[in-house]
Amino acid sequence: MEIKAYLLSKNGAVQALDPSKLSSVVPETITDSFVWVHLQDQAEAVEQWLKNNTTLIDPTISALTAIETRPRFQVMDTGVLINLRGLGITPKDDPDGLISIRLWVEQSRVYSVCFDQLAASAAIRKSMQEGNIRDPGDLIALIAEKVSETLDPVVAALGDRVDSCEARLSSDDAWEMRRNIASVRSLAISYRRFATPQRQALETMANCRVTWLADDDRIHLHSAADCFARMAEELEAVRERAALLHEQLTDLRSEQIDTRGLLLSIVALIFLPLTFLTGLLGMNVAGIPFANAPWAFNGVIVICVLTAVIIALYFVRKHWFR
Numbered sequence: 002m003e004i005k006a007y008l009l010s011k012n013g014a015v016q017a018l019d020p021s022k023l024s025s026v027v028p029e030t031i032t033d034s035f036v037w038v039h040l041q042d043q044a045e046a047v048e049q050w051l052k053n054n055t056t057l058i059d060p061t062i063s064a065l066t067a068i069e070t071r072p073r074f075q076v077m078d079t080g081v082l083i084n085l086r087g088l089g090i091t092p093k094d095d096p097d098g099l100i101s102i103r104l105w106v107e108q109s110r111v112y113s114v115c116f117d118q119l120a121a122s123a124a125i126r127k128s129m130q131e132g133n134i135r136d137p138g139d140l141i142a143l144i145a146e147k148v149s150e151t152l153d154p155v156v157a158a159l160g161d162r163v164d165s166c167e168a169r170l171s172s173d174d175a176w177e178m179r180r181n182i183a184s185v186r187s188l189a190i191s192y193r194r195f196a197t198p199q200r201q202a203l204e205t206m207a208n209c210r211v212t213w214l215a216d217d218d219r220i221h222l223h224s225a226a227d228c229f230a231r232m233a234e235e236l237e238a239v240r241e242r243a244a245l246l247h248e249q250l251t252d253l254r255s256e257q258i259d260t261r262g263l264l265l266s267i268v269a270l271i272f273l274p275l276t277f278l279t280g281l282l283g284m285n286v287a288g289i290p291f292a293n294a295p296w297a298f299n300g301v302i303v304i305c306v307l308t309a310v311i312i313a314l315y316f317v318r319k320h321w322f323r
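In the working numbering, the protein residues as written are 2 to 323.
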């Protein structure tokens, strides 16, 4: 199991800690610093570590290790529970487009749990090393901000893919375009599933009166909430546009099939009397008119051509070729 522990001071200093010695390093009351412990492993291993190395109550541990979560903010016991969703570095077959980061926040310590690697982790650690985290509020606001920053260009890229499909809408490459649109729509639905509740959770957190959340942290949280609100609206627009494109492709495909069917019908109608004429004259019975005449073959050819031209002109006059 990957465990990283840091002691972060109000002056911006960062000190890496030995996770096995947290109980001796961290007193119960800390005024000028706080401890951040990040756990990354499977739920069973994280749950066992929390039970053996922390004083968290069972409901809190269960919430931190739950398999299925949605973004939320909830005050529990002596701290708050925060569940957020962000873009993750996960295998392609992962059913969830966004992975969960669970946090338990108190005045003197923060526990964060991830089952997979968060895409914003590197940016969060870099900002921490630069001394931008001075209290738990800074850490939560930074996580919310970086999560929104990493997801925003991905959502914008979905909109660009829909724009590209709309620009080259054609039935010629309908199969490839259908797959592309289906992929965009699936991702938009997956992301929007968590974008709306995440906005609500961030707004609730920003409005909650906890001692470790400063006014500037609330501003950053409101900014992140607004970003997720905008992304939720854009994802809804992408989903609707993708559905409309799918319908347009279906209509184009149906129109193409109808056009080809009409063309085949016209060709068949043109050749139907010609087939009857040649079949009639091709019978092996006595009495065929002009059977021995030297001009008979050319005469039949002329009659067939005139018949085909007359039928084609009739179809043109009736606008069958449109």
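Even for Gly, the Cβ is constructed at its ideal location relative to N, Cα and C.
All of these numbers come straight from a predicted model, not from anything done at the bench.
- As far as DSSP is concerned, Y192 takes part in no beta bridge.
- Sixteen is the threshold: since fewer than 16 other Cβ atoms of the shown chains lie within 10 Å of the Cβ of D78, the residue is exposed.
- It is roughly 14 Å from the alpha-carbon of C228 to the alpha-carbon of R86.
- For A17, the uninterrupted beta strand (DSSP E) segment begins and ends at V15 to L18.
- Contact between the stretch 11 to 19 and the stretch 131 to 139 is present: 3 or more CB-CB pairs across the two stretches fall below 8 Å.
- Contact between G89 and L119 holds: CB atoms are separated by about 6 Å, below the 8 Å threshold.
- T66 counts as buried, since no fewer than 16 other beta carbons sit within 10 angstroms of its beta carbon.
- CA-to-CA, the gap between Q43 and F116 works out to about 6 Å.
- Under the DSSP definition of a beta bridge, C228 lacks any partner.
- At a Cβ-Cβ threshold of 8 Å, F195 and P72 count as neighbours.
- The count of Cβ pairs closer than 8 Å, one atom from the stretch 137 to 152 and one from the stretch 222 to 236, reaches three, so the stretches are in contact.
- Check the Cα spacing between V303 and each of E235, R180, A189 and T279: the tightest is with T279.
- The beta carbon of R103 is closer than 6 Å to those of L65, N84 and V114 in its chain, skipping five residues each way along the sequence.
- In the DSSP annotation of this structure, the continuous segment of the alpha helix (DSSP H) that includes I311 starts and ends at A297 to R318.
- The secondary-structure analysis by DSSP pairs I4 across a beta bridge with L40.
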